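See structure below.
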Amino acid sequence: MADLRTDFVGIKSPNPFWLASAPPTDKEYNVVRAFKAGWGGVVWKTLGLDPHIVNVNGPRYGVVYGADRRVLGINNIELITDRPLEVNLREIKQVKRDWPDRAMVVSLMVPCEEWAWKEILPKVEETGADGIELNFGCPHGMSERGMGAAVGQVPKYIEMVTRWCKANTRMPVIVKLTPNITDIRHPARAAYAGGADAVSLINTVSSITSVNLDTMSPEPSIDGKGSHGGYCGPAVKPIALNMVAEIARDVETGDLPISGIGGITTWRDAAEFLSLGSGSVQVCTAAMTYGFKIIDELTRGLSDWMDEKGYASIDEVVGRAVPNVTDWQYLNLNYVTKARIDQDMCIKCGRCFAACEDTSHQAIEIKPGRVFEVIDEECVACNLCVDVCPVEDCITMEVLQPGDVDKRTGKVVEKEYANWTTHPNNPAAKAAE
Amino acid sequence: MTNSPMTPGIVPGRLPSEAYCENFADLHAPYDGHEAMVAADRCYFCYDAPCITACPTAIDIPLFIRQIQAGMPEAAAKTILEQNILGGMCARVCPTETLCEEACVREAAEGKPVEIGRLQRHATDSLMEAGVHPFERAAPTGKRVAVVGAGPAGLACAHRLSMHGHEVVVFDAKAKPGGLNEFGIASYKTVGGFAQAEVEWLLKIGGITIETGKALGDGLSLEDLKSEYDAVFLGIGLGGVNALSGEGVDKDGVGDAVEFIAALRQAKDVATLPVGRNVVVIGGGMTAVDAAVQSKLLGAENVTIVYRRGKDRMSASLFEQDLATSKGVKIVYHAQPVAVHGNGSAAEVEFEYTRDGSKSLEGTGETFRIPADQVLKAIGQTLDGAPEGLTLERGKIAVSETGRTSVEGVWAGGDCATGGDDLTVTAVAEGRDAAEDIHKSLSA
Chain W
1 MADLRTDFVG
11 IKSPNPFWLA
21 SAPPTDKEYN
31 VVRAFKAGWG
41 GVVWKTLGLD
51 PHIVNVNGPR
61 YGVVYGADRR
71 VLGINNIELI
81 TDRPLEVNLR
91 EIKQVKRDWP
101 DRAMVVSLMV
111 PCEEWAWKEI
121 LPKVEETGAD
131 GIELNFGCPH
141 GMSERGMGAA
151 VGQVPKYIEM
161 VTRWCKANTR
171 MPVIVKLTPN
181 ITDIRHPARA
191 AYAGGADAVS
201 LINTVSSITS
211 VNLDTMSPEP
221 SIDGKGSHGG
231 YCGPAVKPIA
241 LNMVAEIARD
251 VETGDLPISG
261 IGGITTWRDA
271 AEFLSLGSGS
281 VQVCTAAMTY
291 GFKIIDELTR
301 GLSDWMDEKG
311 YASIDEVVGR
321 AVPNVTDWQY
331 LNLNYVTKAR
341 IDQDMCIKCG
351 RCFAACEDTS
361 HQAIEIKPGR
371 VFEVIDEECV
381 ACNLCVDVCP
391 VEDCITMEVL
401 QPGDVDKRTG
411 KVVEKEYANW
421 TTHPNNPAAK
431 AAE
Chain C
434 MTNSPMTPGI
444 VPGRLPSEAY
454 CENFADLHAP
464 YDGHEAMVAA
474 DRCYFCYDAP
484 CITACPTAID
494 IPLFIRQIQA
504 GMPEAAAKTI
514 LEQNILGGMC
524 ARVCPTETLC
534 EEACVREAAE
544 GKPVEIGRLQ
554 RHATDSLMEA
564 GVHPFERAAP
574 TGKRVAVVGA
584 GPAGLACAHR
594 LSMHGHEVVV
604 FDAKAKPGGL
614 NEFGIASYKT
624 VGGFAQAEVE
634 WLLKIGGITI
644 ETGKALGDGL
654 SLEDLKSEYD
664 AVFLGIGLGG
674 VNALSGEGVD
684 KDGVGDAVEF
694 IAALRQAKDV
704 ATLPVGRNVV
714 VIGGGMTAVD
724 AAVQSKLLGA
734 ENVTIVYRRG
744 KDRMSASLFE
754 QDLATSKGVK
764 IVYHAQPVAV
774 HGNGSAAEVE
784 FEYTRDGSKS
794 LEGTGETFRI
804 PADQVLKAIG
814 QTLDGAPEGL
824 TLERGKIAVS
834 ETGRTSVEGV
844 WAGGDCATGG
854 DDLTVTAVAE
864 GRDAAEDIHK
874 SLSA
């Protein structure tokens, strides 16, 4: 059976699944329940300096639903812990003592001044926690006070605060990054330069989930007004995967460990984050939606998949897909495919036709009897028909072999790899010499 | 009452009173809002959707389902009602399993179509509960049209004519409008007085007067109507029933399924309706199933449908046949009645087995008997009292595609006219299309 034990920058856990810093890790009661359920670790909900902050007293969450009220995304306007620092520290110490094999990382957010970090770091260290995570990500509320995303959006602040922390604690420092920036590599490089042991990402995406069209208030509505919140859950996973991959394949940060976060709901999501370079993964929305018991599916699924693929340990999975993430300009332009519709599987809904005819390349025709067929002369292999077909594997992409003629271009498919950098239409093309 | 299913003869009150409520409740309970959203989400919004083609009134089904998905069931209802003003009733009584739902691509894909009928009911119920009538009349044209028959064809025709600004008078032989919607459909398909509620809702458009107790040959003549009105539409249905031949068919206890169903629909308390201990229904259509199932629900001990051909030839759909058998009705295929035996009242029906011969159905010579104190005939209805001068074709009023009869200024539709299946939805389509043609001819 695959070994799920994880050693992430010296922080050990029985599996790579940590609960992210959020309401599920707000206090001893929840965290103990999580550990009993089997979670590998937690990032304790962000601590700040006293006097502790207060939260709104109305709704904190907004939601986006898919079919059957399936939660696709949640946004929140909750702030960091609203309990006294001393209470949190006492509970952290107790839990770590009771559950020594689990990862206990403490999320921190204090003003962007060195004295503040010097004040809190020893107190956290005293609890016996395994590491700290610097919350440079929260996009709402705290950012208005010069913390959270307000730091994470300025690389030099990231570097500065990271350096303070490294100078004032022996604990590993994980820098949590906000996705509300233009290029994730810059904050990651700043964290690296400041001496961070790792980065974790993504934090939530600035968002308004919906507008109440009767009251004209954004949701969640507090007395008729709304404030942007932080979006998370399955809807943000593609954004998170890309950002993780960008850092993993960046020459400057390629060896910087990553704790992956963003919409992880099943073992498969987790495996994808691991493959793109995450050494551990953090989960929140799925636990908030379904409860802590999902850990059984996550661990069993990951373990079974690793057994099936012959991966003995988490290390063997981490980063395995990174070499295959490349720039567009290096994609092989001699790789030619055509859509193929399996007529036995086709249920004749015509969605492929509507999509292709109205919005793509007019490459599907309707023959008598609602028979939908691809017109090779027009098909650019965009994949939209595959994406909108309700029947899995009914439409597939056939790879043309070298020597075949692409009926759209009339050209013979070449077997050599060739990309944009050498394409004659590229004004900057270099001759392949 | 001390009667039970085992009490001999034709008697009322065979069941405890609470059983009647349960037995005659809605066959398909309405969706609640969330169920409707989940059901609506299964629609693929097909290109040139086969369900639309399969609907005799060509409702834009993917559009109305998408409107339900988008949280606008009342707008969905308008999409339905634009094509089919009796969309509420059709949602309840259409054999969707042989129409839209049979054509649904998910039926082909997984044997589980989008539940179009129930979604249609969700939409139309939402609108009717809100008390909204979403159509307005055009400016008055000064033209007057007589509609004979306040069934689905007549009502659909009247509504469309009124929308175009014409004045309409609808005549009906019965004391209440609605036609077969009111008198001819199983109670569990349209509970809570829906048929009358729908007529009242339909009339909200205005410009339509209903005169009951008047029929052609009984207070009305086509000649008079033609001279008094600018156009006439006949939606008179099939008022007669086919006669059963054979020895003893006039014995007590032998009756028409149509009358049995009508009495059930009009009963204030179904417990007072007498039903046999052993009921035999002869026929293979929806009427046979409706009569048989309801006999069982009234407490008959044994109910048997006997049909002269095979299962596949039965005009009641497989769904209807399964419904009957699930309620405890036995269906005997390939048998035809020979005689009703009994001393004054029916006691047994004698049948002969049949087979498909080289040219037509033929008896095998082998006979059997089924105990029957009540025999219900459901072997088809016939056109009764069609005015003279109209060309008939295969026993129905001959009409063009737009419902024109052989007589200038007279249109016809629904069961009394040629074309289409004898379904509520077909009648609505024919009434509507005739109204459009009448409007065109009056505007010319």
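Heads up: the sequence lines are chains W and C, in that order. Each residue of the first sequence is one higher than the one before, counting from 1 in this note's numbering. Each residue of the second sequence is one higher than the one before, counting from 434 in this note's numbering. All residues carry an ideal CB built from backbone N, CA and C; glycine is no exception. All values derive from a computational prediction rather than experimental measurement.
In this structure, W/Ala20 keeps its C-beta atom at 8 Å or more from the C-beta atom of W/Val54. Listed as beta-bridge partners of C/Gln807 by DSSP are C/Val712. Listed along chain C, the residues sitting closer than 8 Å to W/Ile347 by beta-carbon distance are Val538, Arg539, Ala541 and Ala542.
For the stretch 464 to 493 of chain C, the set of positions with a beta-carbon nearer than 9 Å to some beta-carbon of chain W reads His467, Met470, Val471, Asp474, Arg475, Tyr477, Phe478, Cys479, Tyr480, Asp481, Ala482 and Pro483 in chain order. Straight through space, the alpha carbons of C/Leu756 and C/Ala452 are spaced by roughly 18 Å. C-alpha of C/Ala606 to C-alpha of C/Phe752: approximately 33 Å in a straight line.
With a cutoff of 8 Å on beta-carbon distance, W/Ile222 and W/Val56 are scored as near each other. Residues of chain C whose Cβ lies closer than 7 Å to the Cβ of W/Pro390 are, in chain order, Tyr477. With respect to chain C, the C-beta atom of W/Gly403 has no partner C-beta closer than 8 Å.
Contact between W/Val281 and W/Pro23 does not hold, since the beta-carbon distance rounds to 18 Å and is not under 8 Å. Residue range Ile549 to Glu562 is occupied by the alpha helix (DSSP H) that includes C/His555. Its chain contains Val317 and Val318 as the residues whose beta carbon lies nearer than 6 Å to that of W/Leu274, once the 5 sequence neighbours on both sides are disregarded; these appear in chain order.
The alpha-carbon separation between W/Phe292 and W/Thr266 amounts to approximately 13 Å. By the criterion of at least three beta-carbon pairs nearer than 8 Å, the stretch 244 to 263 of chain W is in contact with the stretch 198 to 208 of chain W. Closest by C-alpha distance to W/Thr253, out of W/Gly230, W/Glu144, W/Phe8 and W/Gly277, is W/Gly277. A distance below 7 Å between beta-carbons, with the five flanking residues on each side excluded, links C/Val713 to the following residues of its chain, in chain order: Thr737, Val739, Val782, Ile803, Ala805 and Val808. With fewer than 16 neighbouring CB atoms inside 10 Å of its own CB, W/Trp115 falls in the exposed class.
For the 8 Å CB-CB criterion, C/Arg746 and C/Pro441 do not form a contact. Per DSSP, C/Gln516 has no beta bridge partner at all. Residues of the same chain with a CB within less than 6 Å of the CB of W/Val31, apart from the 5 flanking positions on each side, are Thr25, Val42 and Val95 in chain order.
Cβ-Cβ distances below 8 Å link C/Met439 to Arg710 and Glu734 in the same chain, with the five nearest sequence neighbours on each side left out; the list follows chain order. When CB distances to chain C are screened at a threshold of 7 Å, not a single residue of the stretch 186 to 204 of chain W falls below it. In summary, the residues of the stretch 328 to 357 of chain W whose CB is separated from some CB of chain C by less than 7 Å are Ile347, Lys348, Cys349, Gly350, Arg351, Phe353 and Ala354, in the order they occur in the chain.
Taking C-beta separations shorter than 6 Å and ignoring five residues to either side along the sequence, the partners of W/Thr396 in its chain run Arg340, following chain order. Inclusion of C/Gly798 and C/Thr815 in the CB contact set at 8 Å is not warranted, their separation being larger than that value.
Shown here, C/Thr835 sits in coil according to DSSP, grouped into three states, outside any helix or strand.
By the rule that beta-carbons nearer than 8 Å mark a contact, W/Asp387 does not touch chain C. For the pair C/Cys484 and C/Val858, the CB atoms are not nearer than the 8 Å cut-off. Of all alpha-carbon atoms in W/Leu302, W/Arg249, W/Cys284 and W/Pro257, the one lying nearest the alpha-carbon of W/Arg268 is that of W/Leu302.
The beta carbon of C/Pro567 is closer than 6 Å to those of Lys511 in its chain, skipping five residues each way along the sequence.
Taking 8 Å as the cut-off, the Cβ atoms of C/Val691 and C/Leu697 do not count as close. Between C/Leu706 and C/Ile518, the alpha-carbon positions lie close to 33 Å from each other. Taking a 10 Å sphere around the C-beta of W/Thr178, we find 16 or more other C-beta atoms and assign the residue as buried. Interface criterion met: the Cβ of W/Asp68 is under 8 Å from a Cβ in chain C.
For a cut-off of 8 Å, the C-beta gap from C/Tyr480 to W/Arg351 is around 7 Å, short enough to register as a contact. Here DSSP, grouped into helix, strand and coil, assigns W/Trp99 to coil.
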